[in-house]
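As you go down the protein sequences, you meet chains F and P in turn. Under the numbering used here, residues 1 to 334 are what the first sequence spells out, in order. Under the numbering used here, residues 1001 to 1334 are what the second sequence spells out, in order. Even glycine gets a Cβ: it sits at the ideal position worked out from N, Cα and C.
Protein chains: 2
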Amino acid sequence: MSAPTIYDIAARAGVGIATVSRVINGSRRVSDHTRKAVQKAMADLGFRPNHAARRLAAGVPNRPRVVALMPFFTTAFYFTVCKALSETLSAADMDLVLVDVRDQQEADRHLDRLIAERSSEGVVLCSMDISDERRSQFETLNLPIVALDCNTKTIPHVAVDNVEGGRMLSRHLSECGSTHQALIIGTRGAEVFRDRERGFREVCPAGSRVFETETVDIERGEEVLEQLLAEFPEVDGIACAGDTLAVGVLQGLRKRGRRVPEDVQVLGFDDQPMMDVLGISTVHQPMSEFGRWAAESIIELIKDPNATPRPSALLDLTLIPRQTTALPGKVPGR
Amino acid sequence: MSAPTIYDIAARAGVGIATVSRVINGSRRVSDHTRKAVQKAMADLGFRPNHAARRLAAGVPNRPRVVALMPFFTTAFYFTVCKALSETLSAADMDLVLVDVRDQQEADRHLDRLIAERSSEGVVLCSMDISDERRSQFETLNLPIVALDCNTKTIPHVAVDNVEGGRMLSRHLSECGSTHQALIIGTRGAEVFRDRERGFREVCPAGSRVFETETVDIERGEEVLEQLLAEFPEVDGIACAGDTLAVGVLQGLRKRGRRVPEDVQVLGFDDQPMMDVLGISTVHQPMSEFGRWAAESIIELIKDPNATPRPSALLDLTLIPRQTTALPGKVPGR
DNA sequence: CTGTTAGCGCATTCAT
DNA sequence: ATGAATGCGCTAACAG
Chain F
1 MSAPTIYDIA ARAGVGIATV SRVINGSRRV SDHTRKAVQK AMADLGFRPN
51 HAARRLAAGV PNRPRVVALM PFFTTAFYFT VCKALSETLS AADMDLVLVD
101 VRDQQEADRH LDRLIAERSS EGVVLCSMDI SDERRSQFET LNLPIVALDC
151 NTKTIPHVAV DNVEGGRMLS RHLSECGSTH QALIIGTRGA EVFRDRERGF
201 REVCPAGSRV FETETVDIER GEEVLEQLLA EFPEVDGIAC AGDTLAVGVL
251 QGLRKRGRRV PEDVQVLGFD DQPMMDVLGI STVHQPMSEF GRWAAESIIE
301 LIKDPNATPR PSALLDLTLI PRQTTALPGK VPGR
Chain P
1001 MSAPTIYDIA ARAGVGIATV SRVINGSRRV SDHTRKAVQK AMADLGFRPN
1051 HAARRLAAGV PNRPRVVALM PFFTTAFYFT VCKALSETLS AADMDLVLVD
1101 VRDQQEADRH LDRLIAERSS EGVVLCSMDI SDERRSQFET LNLPIVALDC
1151 NTKTIPHVAV DNVEGGRMLS RHLSECGSTH QALIIGTRGA EVFRDRERGF
1201 REVCPAGSRV FETETVDIER GEEVLEQLLA EFPEVDGIAC AGDTLAVGVL
1251 QGLRKRGRRV PEDVQVLGFD DQPMMDVLGI STVHQPMSEF GRWAAESIIE
1301 LIKDPNATPR PSALLDLTLI PRQTTALPGK VPGR
């Protein structure tokens, strides 16, 4: 059986629908007695007013909603993205609906739902791509969609060149005198990591090694470090394809009495909040710009469904040297 | 004039509304010619399909939305809260819409809107209270509302005892041997800071000082430190009513060559992410529990509007000693 | 105080 | 391929 409506309530309470509507809306023009009766009927039937109907009948304006699918909890990277998204969207009087997505499967589930429900005016994909087939679903529905931190061919996006990012990692390490380099990446299931690995391999010294880890967090950083040190004891430069890993590596190194950057240099990726305070050298990603670009694009698309989407943007990555790497001459005795 | 409907489009394009509906939904049973005409009409009039009407007509189920009002960007405290909120809500198949709120005025604006639009099934207030009058608006609308990190009398909430938190700050500093204590708080406009100040003053040594800052960030921490050092040079223990301030203070202290904790001890509040890595002693707030409790409560209330809200919860604060404070005997020479 | 009625904007048969 | 009619669940006059 489907959800009860005010007609069901009215019938059960022996009143008219207007009365039901009145108690729902807290009108005081209802006798205490009938109010109780209606409330009881609602409780009995587990009544919940239909949102869409209320809005439609009340004639309230449509506040556009954009839903953002994001692997929200993996790293603080998304905190900054989120911030920019929210600010830009709210300035345009739109709502931000956050959907936490852990894997492709979950993403697809939500995408299906979004298409079926048509419950949003736009969607922002964070660090994930979609199939061409799905892309065309959005196309025919005229439902705007953009991506951030993802180099997809099918939808408007803002991204960085992660292959170049990988190169930057190794180059900086080399400039700092490292000759035995290691790279730690997250799952190769993610394109960003594959790209960074590729770039790294292109320019790294012979004999360099790459390590993969499924999850990206501080603990895993320490664990991978242990393995890395065992298999590759001569390492003198560790690049991490994520700041969180770098933090773990740094901690592990210090526990083992290895000096940073004298014995081993450490380099992160993202430039998440607090990395400056921690003094971790890293490759800065334009997180706020990601969020802002995506929000602005989707806003334009929503406001004018026939507008041509702004061309995809490729933003710059910047290497930020701090205390965990040392350019020649910067550290005494090196 | 109000927003154009499919009737307007139909009239302008010289077709029936069914046809308009077809092109909106990407049906292929429309001739190319009429499709173009309709699309042009839509573009000309800036047509945007009405959400509520689509859902109502399509009979899609009501996916409950809960909107969270939060001072989202002030600190990473809210990132963790957000995480828990989102996880719990999504497990219950509800959407989380995030609304960034900077001040009371903005909060009221959104609250008014929420009430007028009835656009959500529940609302979560983060670190903010509402007037009794407004509370009764929610009451009569039967719109569930809960609060987190706020000790309000009028709505179900989860919170901590910030007065006790303030005491913990001073007590720990005292235990660590500090006799000239300072407290840095955010704006007294926020109750949490007033409470922490009150607790601190209750137990702090005579001659202790309290400093207020409007905004809470790292830079401000450094700035306030400067002022503090100038006015209160004999200080040997600085408590901050927020980790972010503590980070700034710590940086400032190190720049000035003051040793921590030997010369001056530093204590934060919140236990935000990365504080463990930074080794900052702090008072741990149960951020995830805040989020989970609020989400679970609101879910219950939404699922059964006639349920009695779960009783408000007062969670424990925990002092976490790390490297910026030192219990007697923990630091050589102290 | 309460019931009747007429839309809200759109998707959807059912005709044509 | 396209149009007319019906109803989604509810609110808001308008009567009584």
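Own chain residues within Cβ distance below 6 Å of residue i, not counting five before or after
i, result
"P/Thr1187", "Glu1214"
"P/Arg1310", "Ser1297"
"P/Asp1195", "Asn1162 and Val1163"
"F/Gly252", "Glu222 and Leu225"
Check whether residue i and residue j have beta carbons under 7 Å apart
i, j, result
"P/Gln1265", "P/Cys1126", "no"
"F/Ala295", "F/Ile238", "no"
"F/Val247", "F/Ile218", "yes"
"P/Leu1317", "P/Gly1165", "yes"
"P/Leu1114", "F/Leu98", "no"
"P/Pro1071", "P/Val1023", "no"
"F/Val224", "F/Ile184", "yes"
"P/Gly1291", "P/Ala1084", "yes"
"F/Arg54", "P/Arg1054", "no"
"F/Val216", "F/Leu250", "no"
"P/Arg1209", "P/Phe1232", "yes"
"P/Ile1299", "P/Ala1092", "yes"
"P/Met1274", "P/Thr1282", "no"
"P/Arg1254", "P/Ile1280", "no"
"P/Phe1079", "F/Phe79", "yes"
Nearest neighbour of residue i, chosen from the options [CA to CA]
i, options, result
"P/Asp1243", "P/Asp1263, P/Val1260 and P/Gly1221", "P/Gly1221"
"F/Leu89", "F/Ala107, F/Ala43 and F/Ala68", "F/Ala68"
"F/Ser21", "F/Val216, F/Ala3, F/Asp44 and F/Arg48", "F/Arg48"
"F/Arg12", "F/Arg28, F/Arg134, F/Ile24 and F/Ala43", "F/Ala43"
"F/Leu314", "F/His157, F/Pro205, F/Glu191 and F/Ile299", "F/His157"
"F/Ser345", "F/Gln285, F/Ser312 and F/His284", "No information on residue 345 of chain F is available, as it lies outside the stretch 1 to 334 that chain F covers here."
"F/Pro4", "F/Thr19, F/Gly46 and F/Pro328", "F/Gly46"
"F/Asp304", "P/His1033, P/Val1030, P/Ala1041 and P/Val1015", "P/Ala1041"
"F/Glu289", "F/Phe77, F/Val60 and F/Arg135", "F/Phe77"
"P/Gly1207", "P/Glu1234, P/Glu1226, P/Gly1189 and P/Gly1199", "P/Glu1234"
"P/Val1060", "F/Gly26, F/Ser2, F/Arg201 and F/Ala307", "F/Ser2"
"P/Gln1137", "F/Ala307, F/Ser27 and F/Arg258", "F/Ser27"
"F/Thr308", "F/Val160, F/Gly257 and F/Asn142", "F/Asn142"
"F/Ala116", "P/Val1030, P/Asn1025, P/Ser1031 and P/Arg1029", "P/Asn1025"
8 Å contact criterion, which residue i and residue j should meet: CB distance rounded
i, j, result
"F/Ala241", "P/Leu1056", "Incorrect: roughly 47 Å between the Cβ atoms, too far for contact."
"P/Phe1179", "P/Asp1236", "Per the sequence presented here, residue 1179 of chain P reads as Thr, with Phe not at that position. Yes, P/Thr1179 and P/Asp1236 are in contact; Cβ-Cβ is about 6 Å, under 8 Å."
"F/Gln272", "F/Thr75", "6 Å"
"F/Val81", "F/Met287", "5 Å"
"F/Val335", "F/Leu148", "The question about residue 335 of chain F has no answer, for chain F in this structure spans 1 to 334."
"F/Met168", "F/Leu278", "Actually they do not touch by this definition, with Cβ atoms about 20 Å apart."
"F/Leu111", "F/Thr325", "Not really, about 41 Å apart at Cβ, beyond 8 Å."
"P/Phe1211", "P/Leu1229", "Contact flag wrong, Cβ pair sits at about 11 Å."
"F/Asp270", "F/Gln285", "5 Å"
Close-in-space but distant-in-sequence residues of the same chain around residue i (CB under 7 Å, 5 per side omitted)
i, result
"F/Ile17", "Ile6, Tyr7 and Ala10"
"P/Arg1171", "Val1203"
"F/Arg134", "Leu111"
Nonlocal neighbours in the same chain, by C-beta distance under 8 Å from residue i, ignoring five residues either side
i, result
"F/Pro332", "With a pLDDT of only 42 at F/Pro332, under the threshold of 50, the placement of this residue in the model should not be trusted, and no figure is reported."
"F/Ile302", "Pro64, Val66, Met94, Glu121, Gly122 and Pro144"
"F/Pro328", "Glu175, Cys176, Gly177 and Arg334"
"P/Val1015", "Thr1034, Ala1037 and Val1038"
"F/Glu191", "Asp129, Cys150, Asn151 and Asn162"
"F/Gln104", "Met128"
Residues bridged to residue i [DSSP beta-bridge criterion]
i, result
"P/Gly1268", "P/Thr1282"
"P/His1157", "P/Ala1147"
"F/Met70", "F/Asp100"
"F/Cys126", "F/Leu148"
"F/Ala182", "F/Arg209 and F/Ile238"
"F/Leu314", "F/Ala159"
"P/Arg1065", "P/Asp1095"
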